[in-house]
Amino acid sequence: MPVILAIESSCDETSAAVCADGVILSNVIANQTIHEAYGGVVPELASRVHQQNIVPAVQQALSIAKVNKNDVDAVAFTRGPGLLGSLLVGVSFAKAFALAKNIPLIEINHMQAHVLAHFIGDNKPSFPFLCLTVSGGHTQIVLVKDYFDMEVIGQTLDDAAGEAMDKTSKILGLPYPGGPLIDKYARLGNPDAYKFPEPQIPGLDFSFSGLKTAILYFIRDNVAKNPDFVQQNLNNICASVEKRIATILLNKISKATHQLGIKDIALAGGVSANTGLRQGLQEMCNVNGWNCFIPKLEYCTDNAAMIAIAGYYKFLKGEFTGQEVTPLARMPF
Ligand code: KG4
Ligand code: ZN
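Each residue of the sequence shown is one higher than the last, beginning at 96 in this note's numbering.
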């Protein structure tokens, strides 16, 4: 009946969670609004805000879970990938807590944790399954053979899907992070109003940089003719961009499913919160008779609950980490 305290600080969310015997008891997420004005995450500011938020987030997570810090059996933490200064705050906190309480440390790969978020709750996929992991820094099709046996079989050659959302919103003059705003305006627009190009990338890989350039030129040319073009057509632009990003993702996961004959498909990462993508995947699975796993919204964007559940499965395997551990900005599976 292990009680695990989990820490996530890889980017701009400071999060702490508690899980007991694989059941999530709390999941506290402190968002950093300081980056809104800058059009993206400022690493130096992110690490400072993590320093301010980490102790209150942990205290709140323990209090909501009604767990005393003396009853924690292990500390799971994100080792990477992510921003080094941000990761350092969470890693240092985890090491200090584990040292003080004389309990083991469990290092977690953030991208594996996004996939393992599907093991929170009762509707768990069975192995092997495919996971489309789409976040601000990554776009991957992952063949998940076991809890920690995962293979990336397709990935972006340039920008990530979330980056494409955020860069588009910046072009449109919207604050960071743009993904949730594009989602909001897209609900009010016509997805077929404008047609953006679909890149022709062989295999299961993705590319989003050409789309970003196409959107940039499209906006530039239209604003030259009508300075109010963006304000007058914001909903239609967002709906059309969202549709194109979703179809790029869905076409590749469909291709992977056909190639591998695996009919269980999961969605993970921050962009999995996107309404159009969630609906699109559900419809595609319904039409083809595939099984679809879509995470609850609170487990899509960065959160420590997914670190806790990954930590629980590592605890069961007895896989612990030494106090000499350091964070990794890049951390392959
Ligand atoms: O997984 P995540 O929280 O952080 C990383 O590990 O990168 O993903 C953040 C990304 C951002 O690019 C954000 O704009 C995007 O997820 N995102 C969304 C939505 N919510 C978050 N994109 C589209 N629609 C959303 N509703
Ligand atoms: Zn993430």
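The beta carbon of each residue, even a glycine, is placed where N, CA and C say it ideally should be.
Given the structure is predicted, the values throughout are model-derived calculations rather than measurements.
As the crow flies, the alpha-carbon of A171 is around 6 Å from that of E202. DSSP places N218 outside both helix and strand once states are collapsed to three, so it counts as coil. Contact annotation: I129 and V144 have beta-carbon atoms nearer than 9 Å.
Look at S110 here: in three-state DSSP terms it is strand.
For A208 and G274, the gap between their C-alpha atoms comes out near 21 Å. When C-alpha distances from R282 are compared across F224, Q374, P199, K307, the shortest belongs to Q374. When the Cα atoms are used, R425 and F303 turn out to be separated by approximately 21 Å. C-alpha of G185 to C-alpha of I149: approximately 8 Å in a straight line. With a cut-off of 8 Å, the C-beta of S142 is classified as distant from ligand 2, since no heavy atom of the ligand falls inside that distance. In the DSSP assignment, A169 falls within the beta strand (DSSP E) that extends over 169-175. The C-beta separation of I102 from A399 comes to about 6 Å, placing the pair in contact by the 8 Å criterion. The straight-line gap separating the alpha-carbon atoms of N369 and A169 is approximately 33 Å.
If you compare the alpha carbons of K320, Y280, V336 with that of F291, the shortest gap goes to V336. Screening all residues for a C-beta within a distance smaller than 5 Å of any heavy atom in ligand 1 leaves S230, G231, G232, G257, M260, D261, P272, G274, P275, D278, G364, G365, V366, A368, N369, T396, D397, in chain order.
Under DSSP, T416 takes part in a beta bridge, and its partners are L200. A contact between stretches requires three or more CB pairs, one per stretch, nearer than 8 Å, and the stretch 178-192 fails this requirement with the stretch 210-217. By the Cβ test, the stretch 115-135 is not in contact with the stretch 234-254, since fewer than three Cβ pairs between them sit closer than 8 Å. Secondary structure in the stretch 236-305: the alpha helix (DSSP H) runs of 4 residues or longer, each lying completely within the stretch, are 256-266, 274-281 in chain order.
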